[in-house]
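Asker: The structure's right below; bear with me while I get my questions together.
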Amino acid sequence: MPLSRHLDGEHTAMVISGPNAGGKTVALKTVGLCALMAQAGMHIPARRAILPVFHQVLADIGDQQSIVANLSTFTAHIRNVCQMVEILSLPALVVIDEVGTGTDPEEGAALAVAIVDYFKQRGAMIIATTHYQRLKMYAQLTPGVINAAVEFDRERLEPTYRLIQGVAGASSGLNIARRLGLPGEIVERALRWFRTHDQQVVRYLEQLKEELDRQQALRRALEEERRALVEKERALEQEFARRERERQRQFERRLQQVVDDFSQRARALLGQLQERKAQLSLQRTIDRQASRLRAELRRRLKQETGSSLRSTSPPEEMTLTVGDTVRLLDIDKVGTVASLRGDEVVVEIGHLRFRTTRANVEPLAEKKPSSPAPPQEGGVTVELASRPPLRPEINVVGCTVQEALDRIDKFLDEAILASFPEVRIIHGAGTGALRTAIRQMLASHPQVIEVRPGAIETADVETVARLRESE
Numbered sequence: 006m007p008l009s010r011h012l013d014g015e016h017t018a019m020v021i022s023g024p025n026a027g028g029k030t031v032a033l034k035t036v037g038l039c040a041l042m043a044q045a046g047m048h049i050p051a052r053r054a055i056l057p058v059f060h061q062v063l064a065d066i067g068d069q070q071s072i073v074a075n076l077s078t079f080t081a082h083i084r085n086v087c088q089m090v091e092i093l094s095l096p097a098l099v100v101i102d103e104v105g106t107g108t109d110p111e112e113g114a115a116l117a118v119a120i121v122d123y124f125k126q127r128g129a130m131i132i133a134t135t136h137y138q139r140l141k142m143y144a145q146l147t148p149g150v151i152n153a154a155v156e157f158d159r160e161r162l163e164p165t166y167r168l169i170q171g172v173a174g175a176s177s178g179l180n181i182a183r184r185l186g187l188p189g190e191i192v193e194r195a196l197r198w199f200r201t202h203d204q205q206v207v208r209y210l211e212q213l214k215e216e217l218d219r220q221q222a223l224r225r226a227l228e229e230e231r232r233a234l235v236e237k238e239r240a241l242e243q244e245f246a247r248r249e250r251e252r253q254r255q256f257e258r259r260l261q262q263v264v265d266d267f268s269q270r271a272r273a274l275l276g277q278l279q280e281r282k283a284q285l286s287l288q289r290t291i292d293r294q295a296s297r298l299r300a301e302l303r304r305r306l307k308q309e310t311g312s313s314l315r316s317t318s319p320p321e322e323m324t325l326t327v328g329d330t331v332r333l334l335d336i337d338k339v340g341t342v343a344s345l346r347g348d349e350v351v352v353e354i355g356h357l358r359f360r361t362t363r364a365n366v367e368p369l370a371e372k373k374p375s376s377p378a379p380p381q382e383g384g385v386t387v388e389l390a391s392r393p394p395l396r397p398e399i400n401v402v403g404c405t406v407q408e409a410l411d412r413i414d415k416f417l418d419e420a421i422l423a424s425f426p427e428v429r430i431i432h433g434a435g436t437g438a439l440r441t442a443i444r445q446m447l448a449s450h451p452q453v454i455e456v457r458p459g460a461i462e463t464a465d466v467e468t469v470a471r472l473r474e475s476e
């Protein structure tokens, strides 16, 4: 008969009650045999078992009456109990079937309570079966003692062989007698003789059993509902995880599409920028070369014009003194004579001084305005438009980088033509982008031999470029 038992330090005694042929004795034998099997090192026929090691397993099971030995049922039971008391050695397991049976029910019940309580007080673990109400009440009210009942099906009037721990069982003797075929007249007469108090006790035990059945049914329903909720929660978690993985995959796909599109656009834009940069570089190179060619053309044209004029006009005696105002013919600039040394003349134009020859200067102090001379036959006359004098500095503050570079490139051509030894470019502080672009452009210019910041007090707002001397 499958059953479960649990006795520990809190409960060391168990009283099993219930109907006849319900499995009380089988339960006793099962516990005793499992204890002995464990002591012998044998496997226990159970899914899980925790058993102590006993010095003794003492049992009083069955009817030991004998005419030869002059033993009745009661005397046989009492003699066995006496022997167990004499040889008891802890730890011990004591199992007694129908304790106190075979004598007056009142006395037998009192004796059964005393025997169970004795072994409990001595420290033994005891399991006893009974039909006595008094022993059932003792187990219900005494700490360390627990009731257990073998179940009886009241509808079919037969035992179910299930052991229920924590509740006392009714003997159901009258119901079993009716089931076994005892005439109903006898059963009814027994019920009339049955005392009202005993009927109340039996009814109370039956109500306890019914309540326990309802509680167990509710517990089973709740357990099934809990398992269903656990399964539902597990399913929801799996679905959530699946959807989360799918959402992550979609997000990664969209992100990859965005990255690919951005990379494609970036590559296209980079290609456009590189193409534009190459075009701007080429344009700057063309402009620079064109500016140099224009300067060279003007220089050669002036040289040709000067030689033509000199060849058609007879040389005149030129008298120069320091402080005279003169014009430098090769650059068409007006300045003041700073010093004279033989044929060498030093002319000061603004803050710059130019060293040249007397043939390259034209006195202006006594020159009177006159109408232009008509061109002579075989000669060349060139009229140069007047313009403000060129200064060796340029201010590009407020310009964009490209505007500043274009202006500086043209300014350098004119400065080279004017034979300025160095020029000053005022660009301001700002973020430094304009200054960096200007200095990079100057460093790569073929006519610039040195690039340096301006004076310290200018806080790096200007750049000075030293130019290559004209040949």
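So the sequence shown is numbered by the numbering used here: it starts at 6 and just counts up by one.
By construction, the Cβ of each residue, glycine as well, lies at the ideal position given by its N, Cα and C atoms.
How is the beta strand (DSSP E) around residue 416 delimited, first residue to last?
Answerer: For the purposes of this step, residue 416 is taken as the residue at position 411 of the sequence shown. Per DSSP, residue 416 belongs to no beta strand (DSSP E); it is in the alpha helix (DSSP H), 406–422.
Asker: Name, in chain order, the residues that DSSP records as bridge partners for residue 101.
Answerer: Locating residue 101 in the sequence shown gives position 96, counting from the first residue. According to DSSP, which records beta bridges pairwise, residue 101 is partnered with 65, 133.
Asker: Please report the distance separating the alpha-carbon of residue 356 from that of residue 411.
Answerer: Your numbering for residue 356 matches position 351 in the sequence shown. Your numbering for residue 411 matches position 406 in the sequence shown. Their Cα atoms are separated by approximately 25 Å.
Asker: By Cβ distance below 6 Å, which residues in the same chain neighbour residue 94 in space, the five residues on each side in sequence not counted?
Answerer: The sequence position of residue 94 within the sequence shown is 89, counting from 1. Taken in chain order, the residues that qualify are 60, 61.
Asker: Go ahead and label residue 55 buried or exposed: buried means 16 or more other beta carbons lie within 10 angstroms of its beta carbon, across all protein chains shown.
Answerer: Indexing the sequence shown from 1 puts residue 55 at position 50. Its Cβ having fewer than 16 others within 10 Å, residue 55 is exposed.
Asker: Taking the straight line between their C-alpha atoms, what separation do you get for residue 320 and residue 334?
Answerer: As a working mapping, residue 320 is identified with position 315 in the sequence shown. As a working mapping, residue 334 is identified with position 329 in the sequence shown. Note that residue 320 scores 45 on pLDDT, short of 50, meaning its location in the model is unreliable; the coordinates nonetheless yield the value given after this. Their backbone Cα atoms lie some 16 Å apart in a straight line.
Asker: Can you tell me whether DSSP reads residue 267 as helix, strand or coil?
Answerer: Here residue 267 is taken as the residue at index 262 of the sequence shown, counted from 1. Here residue 267 sits in helix by DSSP.
Asker: Looking at residue 192: is its Cβ nearer than 7 Å to the Cβ of residue 132?
Answerer: If you number the sequence shown from 1, residue 192 lands on position 187. If you number the sequence shown from 1, residue 132 lands on position 127. Taking 7 Å as the Cβ cut-off, residue 192 and residue 132 do not qualify as a contacting pair.
Asker: So if DSSP puts residue 22 in a beta bridge, which residue, or which two residues, is it bridged to?
Answerer: Taking the sequence shown and counting its residues from 1, the one referred to as residue 22 is at position 17. Answer is 154, bridged to residue 22.
Asker: I'd like the list of long-range same chain contacts for residue 80, defined as Cβ closer than 7 Å, with 5 residues on each side in sequence excluded.
Answerer: Taking the first residue of the sequence shown as 1, we reach residue 80 at position 75. Closer than 7 Å at Cβ, skipping near neighbours: no residue.
Asker: Would you mind working out which of 443, 441, 438, 417 sits nearest residue 472, comparing C-alpha positions?
Answerer: Walking along the sequence shown from the start, residue 472 turns up at place 467. Cα-wise, what sits closest to residue 472 is 417.
Asker: Measuring CA to CA, which of 153, 116, 180 is closest to residue 169?
Answerer: The sequence position of residue 169 within the sequence shown is 164, counting from 1. Selected option, being the one with the closest Cα: 153.
Asker: Give the straight-line distance between the Cα atoms of residue 363 and residue 349, rounded to the nearest whole angstrom.
Answerer: Within the sequence shown, numbered from 1, the residue matching residue 363 stands at position 358. Within the sequence shown, numbered from 1, the residue matching residue 349 stands at position 344. Going by the C-alpha atoms only, they are around 6 Å apart.
Asker: Whose CA, out of 64, 272, 52, 24, lies closest to the CA of residue 38?
Answerer: In the sequence shown, residue 38 corresponds to position 33, counting from 1. Nearest of 64, 272, 52, 24 to residue 38, Cα basis: 64.
Asker: Counting only the same chain and skipping the five closest in sequence on each side, list residues whose C-beta sits under 7 Å from that of residue 1.
Answerer: There is simply no residue 1 to check, as the chain begins at 6 and stops at 476 in what is shown.
Asker: Output the distance between the C-alpha atoms of residue 327 and residue 366, rounded to the nearest integer angstrom.
Answerer: On the sequence shown, position 322 is the one that residue 327 refers to. On the sequence shown, position 361 is the one that residue 366 refers to. Approximately 13 Å between the Cα atoms of the pair.
Asker: Given a cut-off of 7 Å, decide if residue 432 and residue 422 are closer than it, judged by their beta-carbon atoms.
Answerer: For the purposes of this step, residue 422 is identified with residue 417 of the sequence shown, where counting begins at 1. For the purposes of this step, residue 432 is identified with residue 427 of the sequence shown, where counting begins at 1. No, they are not a contact pair.
Asker: Based on the DSSP output, what are the partners of residue 170 in its beta bridges?
Answerer: Residue 170 sits at position 165 when you count from the first residue of the sequence shown. DSSP lists 153 as partners of residue 170.
Asker: Across which residues does DSSP place residue 340 in a beta bridge pair?
Answerer: Reading the sequence shown from its first residue, position 335 is the one you call residue 340. According to DSSP, which records beta bridges pairwise, residue 340 is partnered with 331.
Asker: For residue 470, which three-state DSSP category applies?
Answerer: Your numbering for residue 470 matches position 465 in the sequence shown. Looking at residue 470 - three-state DSSP - the assignment turns out to be strand.
Asker: Using CA coordinates, which residue listed in 414, 420, 266 is at the minimum distance from residue 336?
Answerer: Counting from one through the sequence shown, the residue named residue 336 turns up at place 331. Looking at the Cα atoms, 420 is the closest of the given residues.
Asker: State the DSSP-derived secondary structure class of residue 396, mapped to helix, strand or coil.
Answerer: By 1-based counting over the sequence shown, the position of residue 396 is 391. Residue 396: coil per DSSP, three-state reduction.
Asker: Figure out for me which residue from 164, 267, 165, 174 has the closest Cα to the Cα of residue 142.
Answerer: For the purposes of this step, residue 142 is identified with residue 137 of the sequence shown, where counting begins at 1. The residue with the shortest Cα to Cα distance from residue 142 is 174.
Asker: Restricting to Cα atoms, I'd like to know which of 399, 400, 22, 444 is closest to residue 145.
Answerer: Here the question's residue 145 lines up with position 140 in the sequence shown. The shortest Cα separation from residue 145 among 399, 400, 22, 444 belongs to 22.
Asker: Is DSSP giving residue 228 helix, strand or coil here?
Answerer: Position 223 of the sequence shown holds residue 228. It is helical.
Asker: Within 10 Å of its beta-carbon, does residue 279 have 16 or more other beta-carbons around it, so buried, or fewer, so exposed?
Answerer: The count along the sequence shown starts at 1 and reaches residue 279 at position 274. It is exposed - the Cβ of residue 279 has fewer than 16 other Cβ atoms within 10 Å.
Asker: Would the beta-carbon of residue 343 fall within 7 Å of that of residue 358?
Answerer: Sequence index remark: in the sequence shown, residue 343 carries index 338 (1-based). Sequence index remark: in the sequence shown, residue 358 carries index 353 (1-based). Yes, the Cβ-Cβ distance between residue 343 and residue 358 is below 7 Å.
Asker: Pull the bridge partners of residue 196 from the DSSP assignment, please.
Answerer: As a working mapping, residue 196 is identified with position 191 in the sequence shown. Residue 196 is not bridged to any residue.
Asker: Assuming contact is defined by CB atoms lying nearer than 7 Å, are residue 102 and residue 17 in contact in what I supplied?
Answerer: In the sequence shown, residue 102 corresponds to position 97, counting from 1. In the sequence shown, residue 17 corresponds to position 12, counting from 1. Their beta carbons are not under 7 Å apart, which means residue 102 does not touch residue 17 by this criterion.
Asker: Give me the Cβ distance between residue 164 and residue 26, rounded to the nearest whole Å; I'm assuming they're in contact under 8 Å.
Answerer: Residue mapping note: residue 164 aligns to position 159 of the sequence shown, counting from 1. Residue mapping note: residue 26 aligns to position 21 of the sequence shown, counting from 1. Yes, they are in contact, since the Cβ atoms of residue 164 and residue 26 sit about 6 Å apart, within 8 Å.
Asker: Looking at residue 456: is its Cβ nearer than 7 Å to the Cβ of residue 442?
Answerer: Against the sequence shown, residue 456 aligns to sequence position 451. Against the sequence shown, residue 442 aligns to sequence position 437. Cβ atoms of residue 456 and residue 442: not closer than 7 Å.
Asker: So, residue 235 versus residue 135, is the Cβ gap smaller than 7 Å?
Answerer: Looking up residue 235 in the sequence shown gives position 230. Looking up residue 135 in the sequence shown gives position 130. Result no, Cβ atoms of residue 235 and residue 135 do not sit closer than 7 Å.
Asker: When burial is assigned at 16 or more other CB atoms within 10 Å of the CB, is residue 246 buried or exposed?
Answerer: Residue mapping note: residue 246 aligns to position 241 of the sequence shown, counting from 1. By the 10 Å Cβ count, residue 246 comes out exposed.
Asker: Is it buried or exposed for residue 434, if we count other Cβ within 10 angstroms and need 16 for buried?
Answerer: For the purposes of this step, residue 434 is identified with residue 429 of the sequence shown, where counting begins at 1. Exposed, since its Cβ has fewer than 16 Cβ neighbours within 10 Å.
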